[in-house]
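Q: Protein chains in written order, with the working numbering: chain A, 102 to 212; chain B, 102 to 212. We put the beta carbon where it would ideally sit given N, CA and C, even for glycine.
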DNA sequence: TTGACATGCAGGTAAATACCTGCATATTGG
DNA sequence: CCAATATGCAGGTATTTACCTGCATGTCAA
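(1) Is any heavy atom of the ligand NAD found at a distance shorter than 7 Å from the C-beta of residue 149 of chain B?
(2) Look at residue 128 of chain B and residue 176 of chain B and say whether their C-beta atoms are less than 8 Å apart.
(3) Measure the Cβ-Cβ separation of residue 146 of chain B and residue 139 of chain B and say whether it is below 8 Å.
(4) From residue 124 of chain A to residue 153 of chain A, what does the alpha carbon distance come to, in whole angstroms?
(5) Quick one: grab the DSSP three-state call for residue 203 of chain B.
(6) So, using beta-carbon positions, are residue 135 of chain A and residue 162 of chain A closer together than 8 Å?
(7) Please return the same chain residues whose Cβ sits closer than 7 Å to the Cβ of residue 212 of chain B, not counting the five positions on each side in sequence.
(8) Does the beta-carbon of residue 126 of chain B have 16 or more other beta-carbons within 10 angstroms, so that it is buried, or is it exposed?
(9) Pull up the CB-CB distance for residue 157 of chain A and residue 121 of chain A, whole angstroms please, since I reckon it's below 8 Å.
(10) I want to see whether chain A comes within less than 8 Å of residue 172 of chain B, judged by CB atoms only; does it?
(11) Three-state secondary structure (DSSP) at residue 125 of chain B?
(12) I need the straight-line Cα distance from residue 119 of chain A to residue 164 of chain A, nearest angstrom please.
(13) Does residue 108 of chain B come within less than 8 Å of chain A when only Cβ atoms are used?
(14) Assign residue 131 of chain B to one of three DSSP states: helix, strand, or coil.
(15) Only counting the same chain, and skipping five residues up and downstream in sequence, which positions put a Cβ closer than 6 Å to that of residue 104 of chain B?
(16) Helix, strand or coil for residue 171 of chain A per DSSP?
(17) Count the other CB atoms within 10 Å of the CB of residue 169 of chain B; is the residue buried (16 or more) or exposed (fewer)?
(18) Assuming residue 112 of chain B contacts residue 180 of chain B (C-beta within less than 8 Å), just tell me the rounded distance between them.
(19) Compute the beta-carbon to beta-carbon distance between residue 117 of chain B and residue 114 of chain A, rounded to the nearest angstrom, for a pair I have assumed lies under 8 Å.
(20) Can you name the start and end residues of the alpha helix (DSSP H) that residue 180 of chain A belongs to?
(21) Residue 192 of chain A to residue 171 of chain A, Cα distance in whole Å?
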């Protein structure tokens, strides 16, 4: 009776935190960064960042490999695409896209 | 330094719970349901469901209107599309779609 | 009007979450 | 080898979350 899909759960929960979204953006800009690099300028202790990265890994949004004493992090966009297939495409209509484009156009004037 | 986007936060957090995803699915099947209808078969107290619906509303995924003593709930897919624009499209590549289709095809055999 | 029905409001608890600190381990470079 | 560097491990705390129960309010229909 419950859509207790653990996959969707882990991905949405992973994305539900600004620090983790920032980490994904950083990895998008440059893939394969070390823990230390990713921690820099995050404004929190290393161990906190580590935990965030573990959550991203559990959601399969990030995968890692070790190079010597360093841990390299790589982004994996597939879960995002699967969310799209399940949670966006389902609600997608021609009208929706048009509405979105119109909104963007209107916002473009204001900003 | 932090992508503390309250909009993304509210939407992802709203979607990060199986009960709330189930509610969205139910509203997709039949829009405009009352609180009582949505509570049925959820396996939790009415007030708990109410709180979940409030969270969906805060994320702008659901809007409501009152008809007499009833409260009607309507789904709003726009935030989902905005997530797509920000978090899927960005990582989208030709290769990705191909990979996804391939995977689906392979899974189709097994199941 | 009044009783039944739909929903709102006000707490209260257990578990999960997002941080932290302190110490341990493993790797590299000189 | 050994000191500096990168990361892992083991807790500990405050806040948030997901539930609950009990009672109040508002609306409909006979």
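A: The answer reads as follows:
(1) The ligand NAD is not part of this structure, which contains no ligands at all.
(2) Yes, the pair counts as a contact, with Cβ atoms nearer than the cut-off.
(3) Taking the C-beta atoms as reference points, residue 139 of chain B is found no nearer than 8 Å to residue 146 of chain B.
(4) A direct Cα-Cα distance of roughly 9 Å separates residue 124 of chain A from residue 153 of chain A.
(5) DSSP places residue 203 of chain B within a helical segment (H, G or I) once states are collapsed to three.
(6) No.
(7) The pLDDT assigned to residue 212 of chain B is 43, lower than 50, so where the model puts this residue is not dependable; a value taken from the coordinates is nonetheless given after this. Taken in chain order, the list of residues that qualify is empty.
(8) So residue 126 of chain B counts as exposed.
(9) At roughly 6 Å, the Cβ-Cβ gap stays under 8 Å, so residue 157 of chain A and residue 121 of chain A are in contact.
(10) At a cut-off of 8 Å between beta-carbon atoms, residue 172 of chain B makes no contact with chain A.
(11) Here residue 125 of chain B sits in helix by DSSP.
(12) Each residue's alpha carbon lies about 19 Å from the other.
(13) Taking a beta-carbon distance threshold of 8 Å, residue 108 of chain B does not count as an interface residue toward chain A.
(14) In this structure, residue 131 of chain B counts as coil in the three-state DSSP scheme.
(15) Confidence at residue 104 of chain B is low in this model, with a pLDDT of 49, below 50, so the placement of that residue should be treated as unreliable; the coordinate-derived value is given next. Nothing listed; no residue qualifies.
(16) Residue 171 of chain A: strand per DSSP, three-state reduction.
(17) Burial call: exposed.
(18) Contact between residue 112 of chain B and residue 180 of chain B holds, with the beta-carbon distance rounding to 5 Å and staying under 8 Å.
(19) Confirmed, about 4 Å.
(20) Run containing residue 180 of chain A: 179-184, per the alpha helix (DSSP H) assignment.
(21) Approximately 43 Å between the Cα atoms of the pair.
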